[in-house]
Amino acid sequence: MQLNKIVEFHKALGDLNRVRIIALLQQGQLSGQEIAGKLGLKPPTITHHISKLREVGLIKERRDKNTIYFSINLKILEMSAKSIMTVGTGGNTNMEMSVTEEERSAIINNFFTKDGKLKIYPAQRKKKLVVLAHMIKGLEFGRVYQEKEINEYLKQYHEDYATLRRELIMCQYMYRENSLYELNPVELWWLS
Numbered sequence: 598m599q600l601n602k603i604v605e606f607h608k609a610l611g612d613l614n615r616v617r618i619i620a621l622l623q624q625g626q627l628s629g630q631e632i633a634g635k636l637g638l639k640p641p642t643i644t645h646h647i648s649k650l651r652e653v654g655l656i657k658e659r660r661d662k663n664t665i666y667f668s669i670n671l672k673i674l675e676m677s678a679k680s681i682m683t684v685g686t687g688g689n690t691n692m693e694m695s696v697t698e699e700e701r702s703a704i705i706n707n708f709f710t711k712d713g714k715l716k717i718y719p720a721q722r723k724k725k726l727v728v729l730a731h732m733i734k735g736l737e738f739g740r741v742y743q744e745k746e747i748n749e750y751l752k753q754y755h756e757d758y759a760t761l762r763r764e765l766i767m768c769q770y771m772y773r774e775n776s777l778y779e780l781n782p783v784e785l786w787w788l789s
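Position 101 (the sequence shown) corresponds to 698 in this note's numbering; numbering is contiguous.
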């Protein structure tokens with residue numbers, strides 16, 4: 598998660614009414630009218646606050662005829678709330694995930710051929726992270742890549758570029774939005 602996304606998440610929760618909406622939705626899904634009634638606010642005010650929460654992905658919607666029901670996207674809430682704890686730690690809040698330079702070198706030698714191809718994708722998390730960090734060395738910080746460009750770049754390492762691309766996102770080496778990819782700051786990587 599990029600630093601600006603962390604900031605936007607916390608800005609969205611920087612309003613008492615939005616926090617109250619999140620608290621209500623923890624009990625289950627509600628319509629906008631129900632939220633307005635429980636909080637003593639007008640529907641347009643609820644619409645405004647819901648749109649702010651939706652922008653950062655905290656709200657899910659389900660339509661039933663003419664009524665829209667809102668619920669919390671718990672996965673985004675948990676991930677976003679935890680992400681601030683990884684800033685400045687390279688995403689590595691667990692010391693057992695740290696890797697010495699000697700271990701890093703051994704992992705790279707074991708999983709890559711002499712011409713730079715990935716032999717197999719490691720199952721062990723620590724090794725996966727070292728392999729992914731090694732593969733992104735050829736990408737530029739601050740540059741936004743099309744999905745096709747990332748696919749072509751990853752194909753030089755392994756034919757299963759889709760898995761590699763997905764792992765880069767899940768391990769926070771890269772950020773994806775609308776099929777555009779960008780390297781996250783090193784501070785957010787799971788292993789630096």
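Where a beta carbon is used, it is the ideal one built from N, C-alpha and C, also for glycine. Keep in mind that this is a model prediction, so the values were computed, not measured.
How many whole angstroms separate the CB atoms of residue i and residue j, which I take to be in contact at a CB cut-off of 8 Å?
i: Q626; j: R659; result: 7 Å
i: I673; j: G654; result: 4 Å
i: R740; j: L751; result: Actually they are not in contact, since the Cβ atoms of R740 and L751 sit about 15 Å apart, beyond 8 Å.
i: S668; j: L622; result: 6 Å
i: P640; j: Q630; result: 6 Å
Relative to the C-alpha of residue i, which candidate in the options has its C-alpha closest?
i: Q743; options: A609, M771, G654, K724; result: M771
i: K716; options: K662, T642, H755; result: H755
i: Q753; options: K725, E737, R701, D712; result: D712
i: L736; options: I705, N781, A678; result: N781
Residue range of the alpha helix (DSSP H) that residue i falls in?
i: F667; result: Taken as a continuous stretch (DSSP letters only), F667 belongs to no alpha helix (DSSP H), being part of the beta strand (DSSP E) at 664–669.
i: Y724; result: According to the sequence as given, residue 724 is Lys; it is not Tyr. Run containing K724: 722–732, per the alpha helix (DSSP H) assignment.
i: K657; result: From DSSP, K657 is part of no alpha helix (DSSP H) but of the beta strand (DSSP E) over 656–661.
i: E737; result: Counting along the chain, E737 falls outside any alpha helix (DSSP H), and DSSP gives it neither H nor E.
i: L780; result: Looking at the DSSP string, L780 is not in any alpha helix (DSSP H); the run it does join, the beta strand (DSSP E), is 777–780.
Tell me, please, which residues DSSP counts as bridged to residue i.
i: K752; result: Beta-bridge pairing links K752 to no other residue.
i: K714; result: In DSSP, K714 forms no bridge with anything.
i: R701; result: The partner list for R701 (beta bridge, DSSP) is empty, contrary to what the question assumes.
Please list, in chain order, all residues of the same chain as residue i whose beta carbon is under 8 Å from its beta carbon, the five residues on each side excluded.
i: D612; result: H646, K649
i: A609; result: R615, K649, L650, E652, V653, L655
Just to confirm my understanding: we take residue i, look at its own chain, exclude 5 residues before and 5 after, and list those with CB closer than 7 Å. What are they?
i: T686; result: No answer about T686 holds up, because its pLDDT of 47 lies below 50 and its placement is not dependable.
i: R773; result: I766
i: P719; result: F708, K725, V728
If we define contact as Cβ-Cβ less than 8 Å, is residue i a contact residue for chain C?
i: G654; result: No chain C appears in this structure, which consists of one protein chain only.
Once the 5 residues before and after residue i are set aside, which same chain residues still bring their CB inside 6 Å of it?
i: V604; result: none
i: L777; result: V741
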